[in-house]
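Protein chains in written order, with this note's numbering: chain A, 1361 to 1593; chain B, 1154 to 1357. To start, the structure itself, in structure tokens.
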């Protein structure tokens, strides 16, 4: 704590202060990361700090399994008898899919250096991987207005237009369509276009895209099948 | 296919040696390990988390059975090892080969360090005296509060530079500024943070 007190008083040497600040910021980020991983472990892997995962297999008596199954059956009956009030609407499900999009940024771009356009592209990618879709959107917009714009600029612009707070699905569709000359993200683009059309209220335009995703067992085929079944809601 | 997890639908046949090597590296093949590193450098943790969180419980069980410790202790040291492992990956200090062994050894080192010093610090370097490096949670709470007063650029620059260890030269290019200008901006951000921090923290 002595170093901390000296930092507050401003009596550390510049080098010591730099080291201390680095340690502070590391500790802050470590704490946040630890919390995020703890939540992810509990949520996605059923791993908790103070109790082992519930699927301990051989030690669970058969009767306990029956009780769990009975409880699940009762819960399902309750939900069914109360209708679909708690299930998300079609539009909510589309929004959930958009929020859950995890298409990665251009990794090779982030390693490259760079002329000015590449610097802009790198900044756009960085904002994108940091989930700052507003910032990323405006940077991709700038890139698509330059002579050196490439298909992936339009692709990522299309994603950001959907994911930013004030989504613009029509602009997203236009951008995604312009990116189609690059087949690298063909499957992802199909899914994005389907979501964008749904978001824009163009369900009948989304239908054949979703059907194609399902029949080709392409990227997000299961989610596409769910949406397809609910298109007429 | 983008987002493909290790050994998922690869459609290829692995020799026994390749499978053994992948097993030693949490199911990752060498190319997938490289991808994971690139993603980490770009701030994308998805693949790293998918690989390491899925084996977290296995590490916990190993520590419990090997050292006869409580589950909560095994969990904590595995988490400590995970944080450190990622930093060392980012620093290029871990290469593909036998990550499983390295990770387990790291967790064991944290355990033995914990047994010597009851207060666990968030220090990366286990050779340092951990007590003197410990940061109180009160201080971190105040820092979190002070951090909120920073603008987006300051927050990003400080995180990139101090946590992700991005070079000043690289940051300067990202922000379209000269290195000298970025250095001055970083210092202004540090001054703002310090002022806000002092305001938020009221030592007893």
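Every residue gets a Cβ at the ideal spot worked out from N, C-alpha and C, and that includes glycine. Everything numeric in this text was worked out from a predicted model, so none of it was measured.
Per DSSP, residue 1501/A is one residue of the alpha helix (DSSP H) stretching across 1493-1504. With fewer than three CB-CB distances shorter than 8 Å, the stretch 1192-1205 of chain B does not count as touching the stretch 1224-1233 of chain B.
According to the DSSP assignment, residue 1572/A belongs to the alpha helix (DSSP H) that extends over 1563-1575.
In this structure residue 1186/B is buried. Its beta-carbon is surrounded by 16 or more other beta-carbon atoms within 10 angstroms. Uninterrupted beta strand (DSSP E) stretches at least 3 residues long and entirely within the stretch 1505-1564 of chain A do not occur. Within the same chain, Cβ atoms closer than 6 Å to the Cβ of residue 1247/B are found at 1241, the five residues on either side in sequence being excluded.
Proximity of residue 1291/B to chain A, defined by a Cβ-Cβ separation below 8 Å, is not satisfied.
Along the stretch 1369-1386 of chain A, going in chain order, the ones with a CB nearer than 9 Å to a CB of chain B are 1370, 1377, 1378, 1381, 1382, 1383, 1384, 1385, 1386. Within the stretch 1303-1356 of chain B, not a single complete beta strand (DSSP E) segment reaches 3 residues in length.
Around the beta-carbon of residue 1370/A, fewer than 16 other beta-carbon atoms lie within 10 Å, marking it exposed. When Cβ-Cβ separations below 8 Å define contact, residue 1393/A makes contact with chain B. Chain order gives the chain B residues near residue 1413/A as 1210, where near means a beta carbon separation below 9 Å. Between the alpha carbons of residue 1510/A and residue 1455/A lies a gap of roughly 28 Å. Proximity of residue 1552/A to chain B, defined by a Cβ-Cβ separation below 8 Å, is not satisfied. The beta carbon of residue 1554/A lies closer than 8 Å to those of 1566, 1569, 1570, 1573, 1584, 1587 in the same chain, with the five residues before and after it left out. Chain order gives the chain B residues near residue 1364/A as 1292, where near means a beta carbon separation below 7 Å. For residue 1482/A, the chain B residues whose Cβ falls inside 8 Å of its Cβ are 1326, 1327, in order along the chain. For the stretch 1196-1221 of chain B, the set of residues with a beta-carbon nearer than 7 Å to any beta-carbon of chain A comprises 1196, 1197, 1199, 1202, 1206, 1207, 1209, 1210, in chain order. Residue 1405/A reaches chain B at 1206, 1207, 1209, 1210, counting residues in chain order whose Cβ is nearer than 8 Å.
Residue 1247/B has a beta carbon lying at 8 Å or more from every beta carbon in chain A.
Out of 1485/A, 1404/A, 1490/A, the CA that lies nearest to the CA of residue 1516/A is found in 1485/A. The three-state secondary structure of residue 1249/B, taken from DSSP, is coil.
Separation of residue 1546/A and residue 1346/B (C-alpha to C-alpha, rounded to the nearest whole angstrom) is 45 Å. A residue is called buried when at least 16 other Cβ atoms come within 10 angstroms of its Cβ; residue 1232/B meets this threshold and is buried. By alpha-carbon distance to residue 1502/A, the top candidate from 1476/A, 1489/A, 1523/A is 1476/A. A residue is called buried once 16 or more other Cβ atoms fall within 10 Å of its Cβ, and residue 1435/A, having fewer, is exposed. The three-state secondary structure of residue 1447/A, taken from DSSP, is coil. Residue 1483/A and residue 1552/A have their alpha carbons spaced roughly 23 Å apart.
Here residue 1350/B has 1295, 1296, 1299 as same chain residues with Cβ atoms under 8 Å from its own Cβ, once five neighbours each way along the sequence are excluded. Rounded to the nearest whole angstrom, the CA to CA distance from residue 1204/B to residue 1461/A is 19 Å. The C-beta of residue 1396/A has fewer than 16 other C-beta atoms within 10 Å across all chains shown, which makes the residue exposed. Taking a cut-off of 8 Å on C-beta distances, the stretch 1315-1322 of chain B does not touch the stretch 1250-1268 of chain B, as fewer than three cross pairs fall below it.
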